[in-house]
Amino acid sequence: MCFHILNFGCQMNVADGHWLSQNLMSRGWTAVSEQDAQVFIITTCSVREKPEQKVYSLLGRLKEYVDKNPDVFVAVGGCVAQQVGEEFWNRFPFVRLVFGTDGTAMVPQALERLVSDPDLRISLLDFLDYYPEREHNEKGSVEAQTFVNIMQGCDNFCTYCIVPFTRGRQKSRAASAVVAECMSLVSRGARELTLLGQNVNSYGQDKHGDGTSFAQLLHRISDIPGLERLGFVTSHPKDIAQEVVDAFGMLSNLSPQLHLPVQSGSNAVLQAMGRKYTREHYLEIVQNLRQTCPHIALTTDFIVGFPGETQKDFEDTLDLVKKVRFVSSFSFKYSDRPGVRAEKFPDKIEEEEKSQRLQILQDLQNRITIEKLNQMVGQEVTVLVEGPSKIQGDTQTFWRGRDCGGRIVNFASSFPDLSGKMVLTTIQEAKRHSLIGEIRGEPW
Ligand code: 5AD
Ligand code: SF4
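Going letter by letter, the sequence shown gives residues 1 to 444 in our numbering.
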């Protein structure tokens, strides 16, 4: 069977899509381009309004392939699938499988059943009470940069967020299973591992944990011989333990970067969001991190136009941006999600006002990003190469990779294939969102 995966949303979806792809190939399926696919697998995101609409328009587009070949069918997974569920079948009859995150482990078997029984439809939407371990392919090489799931779900119920409803309660994966997977990945070529979870700092603090804290997990994984870079997403400021901050000063392969979503710089808004920290507490964490690891690359997420956000609240956010000077940030206009508490909050902000605030915030961030990237000019950085760059010169091939702070570095080189290699570069120039480097010496 020939399949094609279309990923939307967060890195957890990308990782789920990657696992599905590997697993299906180990069962003899073939990954093909869109035109040749018999089965489409879509991983979806409903964290904001637009990604959800993207799924509907995508299904509209995929219908053309079904019109040409009625055997073609689609599996829809992830957060929109969890929410919309079997209603997909009414609107798009060629959707024959819907699965939530807890159902992902069973998708390959379900797809095989669907292929052999054309009258069947399957829904895998139940929430499980434990982390559903997935079949792991222990053979074959893996990519130099690889993601590892350490938990699923979230218990925080921030008032704007749909994730606790679509991904269920927090369930930590057993530390022994995580470490075993990491060791296997490193032995098969992984050089950088990124641990994934909705809220990794509360790893182990649910009833499924085995007593291992997140800091202890970091130490155990960092010790794996041959692992060159270790990172993790996403962290909640209220849960970041001192031991995790300390780890940045102790573990040489722990990448000096942290994505720490602040959402707002106003205490009133943070409280209404149910974030359970203040701007002062957040600034203290930043100071603490910078004392331990002076060059740590901090990134964040913002929501602008949360219900009741005043001009003063918004200015508090701008002020926090100026104080912290994030390397980069993602910022979004608040979007009502069905069933979340903020949906019923009064004082919704007009769309136009939200757009204006977003623009002001993004302009400020862009200025800071450029200034910070310019400070890198002249520095030597090690780049883990992802693949060929979008930029291409007339005579030489350009490659794209990331430094240990997650910054994109493009550089020219005549070496034949640098994907997965490390190279030392000197930064020559800063672009708006990336750096241009010059290669030094031999790749390794
Ligand atoms: N509206 C806008 N942005 C949201 N996010 C989560 N829920 C919403 C929402 N309802 C943003 C947050 C989060 C990121 C993944 O998406 O900033 O950190
Ligand atoms: Fe959503 Fe808050 Fe959980 Fe993040 S921590 S997934 S924002 S509820």
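Positions of the beta carbon are idealized from the N, C-alpha and C atoms, including for glycine.
Residues with their Cβ less than 6 Å from any non-hydrogen atom of ligand 1, running along the chain, are Val47, Arg48, Tyr160, Cys161, Pro261, Gln263, Asp301, Ile303, Phe332, Tyr334, Ser335, Arg337.
In this structure, the CA atom of cysteine 293 is about 12 Å from the CA atom of isoleucine 285. The beta carbon of cysteine 10 sits closer than 7 Å to the beta carbons of Cys45 from its chain, once the five residues preceding and following it are set aside; these are given in chain order. Residue nearest to leucine 373 within the set Ala430, Asn7, Ile408, Asp403 is Ala430 (criterion: CA-CA distance). For threonine 101, there is no enclosing alpha helix (DSSP H), as DSSP marks it with neither H nor E. Counting only runs of at least 3 residues, the segment 204-235 fully encloses the following beta strand (DSSP E) elements, listed from N- to C-terminal order: 229-233. Looking from the CA of glycine 103, the closest CA among Ile391, Phe306, Val178, Cys79 belongs to Cys79.
Beta-bridge annotation (DSSP): methionine 422 is paired with Leu384. Tryptophan 399 is bridged by DSSP to Pro388, Phe411. DSSP, reduced to helix, strand and coil, places threonine 166 within a helical segment of the structure shown. In the DSSP assignment, leucine 196 falls within the beta strand (DSSP E) that extends over 192-196. Here methionine 376 carries a coil assignment [DSSP, helix/strand/coil]. Between serine 187 and serine 116, the alpha-carbon positions lie close to 37 Å from each other. For asparagine 7, the uninterrupted beta strand (DSSP E) segment begins and ends at 2-7.
Sequence-distant partners of valine 269 (beyond 5 residues in either direction) whose C-beta falls short of 6 Å from its own C-beta, in its chain, are Phe306, Glu309, Asp313. Residue burial is scored here from C-beta neighbours: histidine 433 has fewer than 16 other C-beta atoms within 10 angstroms and is therefore classed as exposed.
Phenylalanine 99 has its alpha-carbon roughly 9 Å from the corresponding atom of threonine 43. Looking at the backbone, the Cα of valine 200 and that of isoleucine 150 are separated by about 8 Å.
Only buried fits phenylalanine 8, as 16 or more other CB atoms lie within 10 angstroms of its CB.
Under the rule that a run must span 4 or more residues, the alpha helix (DSSP H) segments found entirely inside the segment 250-332 read 267-273, 279-292, 311-324. By the Cβ neighbour-count rule, glutamate 86 is exposed, with fewer than 16 other Cβ atoms within 10 Å of its own. Between the segment 214-232 and the segment 191-200, the count of Cβ pairs shorter than 8 Å is three or higher; the stretches touch. Contact check for glutamine 263 against aspartate 301 passes: the beta carbons are separated by less than 8 Å. Per the DSSP secondary-structure output, arginine 440 pairs in a beta bridge with Leu424.
Distance from the CA atom of proline 93 to the CA atom of glutamate 138, rounded to whole angstroms, is 37 Å. Looking at the backbone, the Cα of aspartate 210 and that of threonine 159 are separated by about 29 Å. Contiguous alpha helix (DSSP H) elements confined to the segment 20-70 occur at 49-68, taking only those with 4 or more residues. Comparing C-alpha distances from glutamate 352 to each of Tyr334, Asn366, Arg367 shows the shortest one belongs to Tyr334.
Taking one beta carbon from each stretch, the segment 377-384 and the segment 410-426 have 3 or more pairs nearer than 8 Å; the two touch. Annotation: glycine 140 to proline 108 spans about 19 Å, alpha carbon to alpha carbon. Taking C-alpha positions only, isoleucine 368 is separated from leucine 111 by approximately 47 Å. The Cβ-Cβ distance between histidine 219 and proline 256 does not fall below 8 Å.
Under DSSP, serine 172 takes part in a beta bridge, and its partners are Met151.
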